[in-house]
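> Take this structure first; my questions come after.
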Amino acid sequence: MIEARKFKMLVLTDHECHKDDDNVFAQIRELQMHSSCEGVDVASKGNKINEHFFKNFVLRLYVNPVTGSFQYSEDSKLFTDKFRLAKLDSYQVLLVWLPEEDNQRMANFLRLKFPNKKIVVRPIKQIVPLKIAKVQAINGSKVTLSEHF
């Protein structure tokens with residue numbers, strides 16, 4: 013039996029735009045638990061250590077791992093504590109969930125730098141509850157993700 017391929021995913025967002033009633037946290041936890049997911053990390057534009065990446069596209073990005081306790085907190089420690097330096101080429105799926113004015117610029121950069129990656133772009137205000145559906149992914153592999161991808 014062939015084992016299904018699992019994907020490492022990176023969510024690029026801005027935690028300063030999130031509120032306690034956002035469903036983005038639940039969606040990211042759902043991705044993390046999905047059988048097609050090897051792991052999810054999150055990098056926030058609001059984390060000062062990532063300023064050069066989000067403003068100047070310097071390929072130095074710090075990420076936080078997603079765990080079962082990934083949820084909104086007013087102190088934002090989820091995005092500013094326990095981060096580590098990441099290599100963007102270690103991810104197969106890049107999810108760009110930034111404010112609308114930042115999305116296209118980031119997506120253009122990522123598509124130029126990483127043409128073989130699956131890049132999903134959705135402004136934060138358009139993030140809606142996940143609905144599971146099959147989609148084509150990298151190299152013809154199948155992965156079950158959201159129909160919004």
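Under my numbering, think of the first position of the sequence shown as 13, with each following residue one higher. Even glycine gets a Cβ: it sits at the ideal position worked out from N, Cα and C.
Measure the C-alpha to C-alpha separation of residue 75 and residue 125 and round it to an integer number of angstroms.
Translated into the one-based positions of the sequence shown, residue 75 becomes position 63. Translated into the one-based positions of the sequence shown, residue 125 becomes position 113. Each residue's alpha carbon lies about 19 Å from the other.
> To the nearest angstrom, report how far apart residue 42 and residue 54 are at their CA atoms.
Within the sequence shown, residue 42 is the residue found at index 30, counting from 1. Within the sequence shown, residue 54 is the residue found at index 42, counting from 1. A direct Cα-to-Cα measurement between residue 42 and residue 54 gives close to 14 Å.
> Using the Cβ count rule (16 or more neighbours within 10 Å means buried), how would you classify residue 27?
Here residue 27 is taken as the residue at index 15 of the sequence shown, counted from 1. Looking at its Cβ environment, which holds 16 or more other Cβ atoms inside 10 Å, residue 27 is buried.
> Sorted by chain position, which residues of the same chain lie with C-beta nearer than 7 Å to residue 52's C-beta, five sequence neighbours on each side aside?
Position 40 of the sequence shown, counted from the first residue, corresponds to residue 52. Cβ neighbours of residue 52 beyond the five flanking positions: 21, 23, 40, 43, 44 and 78.
> Compare the beta carbon distance of residue 121 and residue 69 with 8 Å and say whether it is the shorter of the two.
On the sequence shown, position 109 is the one that residue 121 refers to. On the sequence shown, position 57 is the one that residue 69 refers to. In terms of Cβ geometry, residue 121 and residue 69 form a close pair [threshold 8 Å].
> What does the Cβ neighbour count give for residue 140, buried or exposed, with the cut at 16 atoms within 10 Å?
Looking up residue 140 in the sequence shown gives position 128. Confidence is the limiting factor: at residue 140 the pLDDT is only 44, short of 50, which leaves the residue's position unreliable and the question unanswerable from this model.
> Among 72, 107 and 29, whose alpha-carbon lies nearest the alpha-carbon of residue 130?
Residue numbering aside, residue 130 sits at position 118 when the sequence shown is read from its first letter. Sorting 72, 107 and 29 by C-alpha distance to the C-alpha of residue 130 places 107 at the top.
> Would you mind working out which of 132, 111 and 59 sits nearest residue 96, comparing C-alpha positions?
As a working note, residue 96 is residue 84 in the sequence shown. Answer by Cα proximity: 59.
> Roughly how many angstroms lie between the CA atoms of residue 73 and residue 38, to the nearest whole one?
The residue labelled residue 73 in the question sits at position 61 within the sequence shown. The residue labelled residue 38 in the question sits at position 26 within the sequence shown. Spanning the two alpha carbons is a distance of roughly 23 Å.
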